[in-house]
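Colleague: Quick note: to get this note's numbering, add 11 to the position in the sequence shown (first position is 1).
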Amino acid sequence: ESSGNAEALIYKNPVNTQEYFIIENRNQRGFDAYTPGTGIAIWHIDDDIAAPGADGSTQSNVNAVSCDFGFHDCSTNHNGVALVAADFYYDLEHDFNDGDAHDLFGEDGDGGADEYGSLVDEDVEFSAEGQITSNWWDNTQSGLTMTNISIKGDVMTLDLGEGGTHPSDEIELTNNANV
Numbered sequence: 012e013s014s015g016n017a018e019a020l021i022y023k024n025p026v027n028t029q030e031y032f033i034i035e036n037r038n039q040r041g042f043d044a045y046t047p048g049t050g051i052a053i054w055h056i057d058d059d060i061a062a063p064g065a066d067g068s069t070q071s072n073v074n075a076v077s078c079d080f081g082f083h084d085c086s087t088n089h090n091g092v093a094l095v096a097a098d099f100y101y102d103l104e105h106d107f108n109d110g111d112a113h114d115l116f117g118e119d120g121d122g123g124a125d126e127y128g129s130l131v132d133e134d135v136e137f138s139a140e141g142q143i144t145s146n147w148w149d150n151t152q153s154g155l156t157m158t159n160i161s162i163k164g165d166v167m168t169l170d171l172g173e174g175g176t177h178p179s180d181e182i183e184l185t186n187n188a189n190v
């Protein structure tokens, strides 16, 4: 949450209740004042790894793995809390940096050229068909489809679909921050 009453969506894996996506709008103020970018953050969570142990202690391997989803089999070797990298570089997993302006989803007016060296703007879509896929850790399709992700800002819109259907609902993620 940046500040104010931020909203988030949770998209759960119906087969594995320990796995889900958290989707939220993040901005550079309040708690997030010093983050390197703004936009839609998509977190891929696996509570089998991320949740505290039976005695309440933190597990030591929550984020100890650098697995590039799309290049490696991440089904059993992945982080418990992973930021889905909109730029597909996975800088956080490789400890290259503390995140950058291209890690979050949303139109930023660059046409994707800064992130990918092409004119394809990959950070405005999150689906099974995109370079950055919405598949579960075992590489099965989640059915989560987010397209037409708007320009980065306090209010962001996107078209949401699920179950392999084309997006049917436009939703709005608002960060009701006091500026």
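Just so it is clear, CB atoms sit at the ideal spot from N, CA and C, and this is done for glycine as well.
DSSP on Ala61, reduced to helix/strand/coil?
Modeller: helix
Colleague: Using 10 angstroms around the beta-carbon of Ile51, count the other beta-carbons present and answer buried if the total reaches 16, otherwise exposed.
Modeller: With 16 or more other Cβ atoms within 10 Å, it is buried.
Colleague: If you draw a straight line from the alpha carbon of Trp147 to that of Lys23, how long is it in whole angstroms?
Modeller: 10 Å
Colleague: Would you mind working out which of Leu94, Asp149 and Asn36 sits nearest Glu18, comparing C-alpha positions?
Modeller: Asn36
Colleague: So, for Gly110: in the same chain, excluding its five sequence neighbours on each side, which residues have a beta-carbon less than 8 Å away from its beta-carbon?
Modeller: Thr46, Pro47, Gly48, Leu94, Asp102 and Leu103
Colleague: Go through its chain and collect everything with a Cβ distance to Gly175's Cβ below 6 Å, but skip five positions before and after it.
Modeller: Since pLDDT at Gly175 reaches only 48, below the 50 mark, its modelled position is unreliable, and no value is offered.
Colleague: In three-state terms, what does DSSP make of Phe107?
Modeller: Shown here, Phe107 sits in coil according to DSSP, grouped into three states, outside any helix or strand.
Colleague: Do we get a CB-CB distance below 9 Å when we pair Thr144 with the residues of chain C?
Modeller: The structure shown has no chain C; it contains just one protein chain.
Colleague: On the DSSP bridge list, what partners appear for Phe32?
Modeller: Tyr22 and His55
Colleague: Taking 9 Å as the cut-off, decide whether the C-beta atoms of Ile34 and Ile53 are in contact.
Modeller: Yes; because the gap between Cβ atoms is below 9 Å, this pair is in contact.
Colleague: Using three-state DSSP, classify Gly41 as helix, strand or coil.
Modeller: Assigned with DSSP and collapsed to three states, Gly41 falls in helix.
Colleague: Expressed to the nearest angstrom, what Euclidean distance is found between the alpha-carbon atoms of Asp98 and Asp134?
Modeller: 7 Å
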